[in-house]
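Chemist: In the UniProt record's numbering, the protein residues as written are 223 to 414. Virtual Cβ for every residue (Gly too), placed ideally from N, Cα, C. Structure in structure tokens, see below.
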Ligand code: G3H
């Protein structure tokens, strides 16, 4: 049966510095995950001919670097654009844009960053990705937290408004098997 593999990129320098957005490289630990991901795929999908979809950002491509499969970059898989808050920590955002910080907390799905995007915006730009996924087999998607939350909510049949709160941990490979009665999920935590 058809399955879809999902992973966040490995830990990035910005993750370590608690900054959002940007286009930073992986940390040492993130690179370890990239290596581990290759092993996990070999173990859990032996002999399968996957196609790897990444975003256009370096941290997803670095995470895919050891996987010996066909790769495709999608701009539509880039992280939620935090606009003027790109590159800031949540503490800095709360200090510089307190009203925005509060507004986002109150309506995280519809809140749109100044000059950036909301979760709703991400759900809309993911429509072509979802369409393509529905007609493809054996895709491994390596992308970002906000984007994966939306994709995960879609396949889990969770209302899109709840996507901002889906738990998508770092360094975890997720296997989705869509079935007539619902999607079977398997989560594999990397031992690093
Ligand atoms: O940098 C963006 C994060 O992946 C999204 O996290 O929507 O919970 O702030 P957040």
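1. Hey, out of 274, 302, 261 and 361, whose CA is closest to residue 242's CA?
2. Do residue 297 and residue 278 come within 7 angstroms of each other at the CB atom, strictly closer than that value?
3. Please list, in chain order, all residues of the same chain as residue 316 whose beta carbon is under 6 angstroms from its beta carbon, the five residues on each side excluded.
4. For ligand 1, is there any heavy atom lying closer than 6 angstroms to the beta carbon of residue 215?
5. Under 5 angstroms, CB to any heavy atom of ligand 1. Which residues pass, going along the chain?
6. Going by DSSP, name the residue or residues bridged to residue 230.
7. Between the Cα of residue 392 and the Cα atoms of 385, 413, 383 and 402, which residue gives the shortest distance?
8. To which residues of the same chain is residue 272 closer than 6 angstroms at the C-beta, ignoring the five residues directly before and after it?
Modeler: The relevant details are as follows:
1. The shortest Cα separation from residue 242 among 274, 302, 261 and 361 belongs to 302.
2. Yes, these two residues count as a Cβ contact at 7 angstroms.
3. Excluding sequence neighbours, residue 316 sits near 323.
4. The structure shown has nothing for residue 215, since the chain only spans 223 to 414.
5. Here the residues come out as 242, 367 and 368.
6. For residue 230, which the question treats as bridged, DSSP gives the partners 365.
7. Checked all of 385, 413, 383 and 402; the closest Cα to residue 392 is 413.
8. Excluding its 5 nearest sequence neighbours in each direction, residue 272 has C-beta neighbours in its own chain below 6 angstroms: 291, 360 and 362, listed in chain order.
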